[in-house]
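Sequential numbering from 0 applies to the sequence shown in numbering that gives the first Met the number 0.
The structure under discussion appears below in the form of structure tokens.
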Amino acid sequence: MPIILTDGATKLLAASRSGVAPFTSGEGGWFGGGLGVRGDFAAMYRSQPNVRICVDFLSRNIGQLALQVFARNDSNNSRDRDRTGGLAQLLAAPNPQTTPSRLIAGTVADLSIFGHAFWVKIGHPGQRRALWRVPPTTISVDDASALGPTSYTWTSTQGSWTLRPDDVLHFRFYDPESEWSGCSPLETLRRTLAEERAASDHRLALWRNGARIAGVIERPKESGVWSDAARDKFREQWEAKYAGPARSGRVAILEDGMTWKQAAYSMADTEANETRKLNIEEVARVYQIPLTNVGILEHATFSNIREQHKQLYQDCLAPITVQLEDEVNLGLLTEYHDPSRYYTEFNISEKLKGSFEEQARAIQVLVGGPVMTRNEGRARLNLPAVDGGDELLLPMNTTTASAGLDANQGDPAT
0 MPIILTDGAT
10 KLLAASRSGV
20 APFTSGEGGW
30 FGGGLGVRGD
40 FAAMYRSQPN
50 VRICVDFLSR
60 NIGQLALQVF
70 ARNDSNNSRD
80 RDRTGGLAQL
90 LAAPNPQTTP
100 SRLIAGTVAD
110 LSIFGHAFWV
120 KIGHPGQRRA
130 LWRVPPTTIS
140 VDDASALGPT
150 SYTWTSTQGS
160 WTLRPDDVLH
170 FRFYDPESEW
180 SGCSPLETLR
190 RTLAEERAAS
200 DHRLALWRNG
210 ARIAGVIERP
220 KESGVWSDAA
230 RDKFREQWEA
240 KYAGPARSGR
250 VAILEDGMTW
260 KQAAYSMADT
270 EANETRKLNI
280 EEVARVYQIP
290 LTNVGILEHA
300 TFSNIREQHK
310 QLYQDCLAPI
320 TVQLEDEVNL
330 GLLTEYHDPS
340 RYYTEFNISE
350 KLKGSFEEQA
360 RAIQVLVGGP
370 VMTRNEGRAR
380 LNLPAVDGGD
390 ELLLPMNTTT
400 ASAGLDANQG
410 DPAT
């Protein structure tokens, strides 16, 4: 895909430039402990199901929330949504190749995997024409200090570019050692994932062996002398009938007086299923996802699942959405609007409204009467309108506050 960089936002460098250091998962592959598995954070996401479950859960749920622009209305203590401003249109159509949901979902996935996410802003400040999410493995921070980096270096198959800090939106998690290098959750999970990988390799080796029970054939001493030819013939006949595919069920034949001692751990000994469950629980806890949302339903009930659904958007997704909002407000909104009046916000309230029945009951309690006409209700059921159905019905035992006040101000009793 061609990369177009204009308006002096970037400087094209030689494609052969050296010394570019993209963000990686550190030394030693996955584990840094010599297990012989080569990889990085991206490889962990591709190969570890529990990591992918949690990362996809966060990215897809936040990706479906619209990032909207609002203006405060001080006259009536409310707010108005901006749909036509430059920033609102840019967020609604980031670039010709990317939808808003894919931009947000990819950003959250980058944060969850690498601890970093980057948007490159194309165009003049306040007149941006596009936002591009670029993989963290292709960008490096140059000469970062407490006051910020001097530049960013973006490397692709077509060359390398130097980007000004004003043209990059840098999202990052907290890192105790650096303000400008986020710490990936996968770094914390490195040992846990190493154990899961080792256990997975063990299970794979078991299935490659046909998942057969290891055993031996014992020959009693009183059977007499067994010639080499007779032994080989017996082995060939046995394995031809029972060895299975790729001779995975081969067995040992013990000579006179020999006995077999079980030395290997079985799947039951290693408690494989319990270990796998603990693994997904630990990954979910690091990503702060309620366990019921990743398929662990041992203690789930209807009521606590409903409460955990609220917890999901209030305690799990909200910290990430607020971080994204703050970065956009700081690095992008200020180019278009006065931040004291305008701000961006994810539309989480839509997810917390509850079902239609729950909303209807709550509104009826709050307003004290029906809130829909009969024809409005019939329209929701795809039924035709009826005559007289456009008036609100008022139960006989209810009245308005003004009507009740007028009735109480009548002539006093004599």
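Ideal Cβ placement from N, Cα and C applies to all residues, glycine included.
Every value quoted in this text rests on a predicted model; they were computed, and no experiment measured them.
Annotated three-state conformation of Phe56 is helix, per DSSP. Inter-residue distance for Asn49 and Asn374 is about 49 Å (C-alpha atoms, whole angstroms). A contact is defined here as three or more CB-CB pairs under 8 Å, and the stretch 106 to 121 meets this definition with respect to the stretch 162 to 171. Beta-bridge annotation (DSSP): Ile121 is paired with Ala129.
Our two residues, Ala193 and Ile61, have alpha carbons roughly 29 Å apart in a direct line. In the three-state reduction of the DSSP assignment, Glu297 falls in the coil class, being assigned neither a helical nor a strand state. Boundaries cannot be given for Asn76, as no beta strand (DSSP E) includes it and DSSP labels it neither H nor E. Distance between Arg71 and Asp79, taken at the CA atoms: about 6 Å. Looking at Pro184, Ile319 and Ser339, the one whose alpha-carbon comes closest to that of Ala283 is Pro184. By the Cβ-count criterion, Ile304 is exposed, with fewer than 16 other Cβ atoms from all chains shown falling within 10 Å of its own Cβ.
Taking the Cβ atoms as the reference, Pro99 lies roughly 34 Å from Ala145, outside the contact range of under 8 Å. In this structure the stretch 101 to 114 does not touch the stretch 378 to 386; the number of beta carbon pairs closer than 8 Å is below three.
Linking Phe172 to Pro338 through their CA atoms gives a straight-line distance of about 23 Å.
The beta carbon of Trp179 is closer than 8 Å to those of Val140, Ala143, Gly147, Pro148, His169 and Arg171 in its chain, skipping five residues each way along the sequence. Note on Ser58: 16 or more other CB atoms within 10 angstroms of its CB, so buried under the neighbour-count rule. Taking C-alpha positions only, Arg128 is separated from Leu110 by approximately 24 Å.
In this structure, Ile138 lies near Thr152, with their beta-carbon atoms less than 8 Å apart. For the options His123, Pro93, Gln88 and Pro318, the alpha carbon positioned closest to that of Val107 is the one of Pro318. Just so you know, the alpha carbons of Asp314 and Asn278 end up roughly 22 Å apart. Under a 10 Å Cβ-count criterion, Ile216 is classified as exposed, with fewer than 16 other Cβ atoms of the shown protein chains found around its own Cβ. Taking a cut-off of 8 Å on C-beta distances, the stretch 298 to 312 does not touch the stretch 219 to 230, as fewer than three cross pairs fall below it.
Gln67 is bridged by DSSP to Glu344.
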